Amino acid sequence: MKTGIFSHPSFFWHDTGDNHPESNLRIKKILNRLNKLKIDEIKNFDCPYATNDQIAKVHDRTYIDKITNFFPLKKVIKLDSDTILSPRSLEACLRAPGAVISAIKMVNQRKIKNAFCVVRPPGHHARVSNGMGFCIFNNIAIGAAYARYELGIKKIAIIDIDVHHGNGTEEWVRSKNDENFLFCSIHQSPLYPGTGLGLNSTENNINNYILSPGEGSFEFRKLVNNKLVTILKIFKPEIILLSIGFDGHELDDISGTKLISDDYFWVTERVSEVARKYCSGKLISVLEGGYNLLALEESSFNHVAALIKADSM
Ligand SMILES: [Zn+2]
């Protein structure tokens, strides 16, 4: 079976301007590199719109209405200092969670082996009732809600290895008060948004692991092996959703961690092994951050190479 790549031109049309780190060039870099592959192992897919009802499984209706009512939009507006809507952003905002839904559906039906959703705007900071940190709607949480409430998948693991804490995703998982949703994040602290410190946590299904500035492959791989993989094996997921950000890379100025491009191949292999053991290889990854274009291009390519290599059985 093939690895599905889910993307859409509208992710390029979401225009944050020339000096914004979360620029539309990110998508172009990733897809250009993947398109050069011309190999049988990947298949490209379009991204339908997520419906209002699907988005409302995660976000307040008032917040969804607030975003959609900005459109048609004539000029750029800012939800906060760095979270931007441009005249053509609405389509991207609706297709990004739609990509995740579509990928989950196809992987679950065994039409493809696994999937990488190359989407913008990113989603993991988006909270139930507000966008923040470049994120408008929480793409991966909307996917998790679809997997549970429309497909009836019980045990859903959401892993977040973006260098920033996935505060929005964690908030939504916590609000469900359901131990069959697992959230595990490895992120740098101190760093935006300042949450996910793992202090005083008594929640078995929410697990945060911290990297300090200056730490790199060795510490990251240790956390993955000793913590993340261990927890996944205890949890025994029926599907794994992976928020993948490439902004912990040593070339990425947004963080102080020193991951290298090969770490993204390695971690994808580790997570794929767990997926093969417990859920027939069902792994869907969703692009979050990654702002150095060279690191992004190399690391995302490595991620896809490991998805292609993964066995599904
Ligand atoms: Zn990030």
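Counting with the working numbering, you get residues 11 to 323 for the letters of the sequence shown.
Quick reminder that beta carbons are idealized off the backbone N, C-alpha and C, glycines included.
Nothing here was measured: the structure is a model prediction, and the numbers come from that model.
heavy atom of ligand 1 below 6 Å from residue i C-beta
{"i": "Val-173", "result": "yes"}
{"i": "Asp-90", "result": "no"}
{"i": "Gly-176", "result": "no"}
{"i": "Gly-208", "result": "no"}
{"i": "Ile-257", "result": "Here residue 257 turns out to be Asp, not Ile, going by the sequence shown. Yes."}
{"i": "Gly-299", "result": "yes"}
Best match in the options for proximity to residue i [C-alpha to C-alpha]
{"i": "Asp-262", "options": "Ser-290, Leu-306, Arg-231", "result": "Leu-306"}
{"i": "Gly-226", "options": "Leu-251, Phe-245, Gln-198", "result": "Gln-198"}
{"i": "Ile-294", "options": "Lys-237, Ala-109, Asp-70, Asn-215", "result": "Ala-109"}
{"i": "Gly-141", "options": "Ser-222, Gly-153, Ile-87", "result": "Ile-87"}
{"i": "Leu-251", "options": "Gly-266, Asp-321, Ile-152", "result": "Ile-152"}
{"i": "Leu-269", "options": "Phe-147, Gln-64, Leu-233", "result": "Leu-233"}
{"i": "Leu-161", "options": "Ile-114, Ile-150, Arg-130, Gly-143", "result": "Ile-114"}
{"i": "Ile-171", "options": "Gly-300, Arg-105, Tyr-59", "result": "Gly-300"}
{"i": "Asn-217", "options": "Gly-204, Gly-224, Leu-238", "result": "Leu-238"}
{"i": "Asp-25", "options": "Cys-103, Asn-54, Asp-70, Thr-13", "result": "Cys-103"}
{"i": "Arg-105", "options": "Asn-124, Pro-131, Ala-315", "result": "Pro-131"}
{"i": "Asp-70", "options": "Phe-22, Trp-182, Pro-223", "result": "Trp-182"}
{"i": "Phe-230", "options": "Arg-36, Ile-264, Ile-249, Ser-195", "result": "Ser-195"}
{"i": "Glu-260", "options": "Ser-253, Asn-215, Ser-222", "result": "Ser-222"}
{"i": "Ser-99", "options": "Ala-316, Ile-254, Gly-266, Trp-23", "result": "Trp-23"}
{"i": "Arg-43", "options": "Leu-303, Pro-82, Gly-143, Lys-319", "result": "Leu-303"}
{"i": "Thr-267", "options": "Asp-257, Ile-52, Ala-320, Phe-275", "result": "Asp-257"}
{"i": "Lys-123", "options": "Lys-319, Lys-76, Lys-12", "result": "Lys-12"}
{"i": "Tyr-59", "options": "Ile-111, Ile-74, Lys-85, Gly-14", "result": "Ile-111"}
{"i": "Lys-121", "options": "Gln-64, Tyr-274, Asn-54, Gly-143", "result": "Asn-54"}
{"i": "Ile-40", "options": "Leu-317, Leu-201, Leu-297", "result": "Leu-297"}
{"i": "Glu-248", "options": "Cys-289, Asn-236, Ala-125, Val-117", "result": "Cys-289"}
{"i": "Gly-204", "options": "Gly-143, Glu-51, Asn-45", "result": "Gly-143"}
{"i": "Asn-148", "options": "Cys-57, Tyr-274, Ala-66", "result": "Ala-66"}
{"i": "Ala-320", "options": "Glu-308, Val-277, Ser-309", "result": "Val-277"}
Strand pairing of residue i, partner residues [DSSP]
{"i": "Leu-242", "result": "None, per the DSSP bridge assignment."}
{"i": "Ser-295", "result": "Phe-126, Leu-252"}
{"i": "Gly-14", "result": "Lys-53, Ala-125"}
{"i": "Ser-195", "result": "Asp-170, Asn-218"}
{"i": "Met-142", "result": "Cys-145"}
{"i": "Ile-87", "result": "Leu-95"}
{"i": "Lys-268", "result": "Gly-226"}
{"i": "His-259", "result": "Leu-269"}
Closer than 7 Å to chain B by CB, residue i
{"i": "Ala-315", "result": "The structure shown has no chain B; it contains just one protein chain."}
*Should the stretch 178-192 be called in touch with the stretch 158-167, which here means at least 3 C-beta pairs below 8 Å?*
yes
_With a threshold of 8 Å, are at least 3 pairs of Cβ atoms found where one atom belongs to the stretch 86-100 and the other to the stretch 17-32?_
yes
*asked:* Taking 8 Å as the cut-off, does the stretch 277-286 touch the stretch 231-246 (at least 3 CB pairs, one atom from each stretch)?
replied: yes
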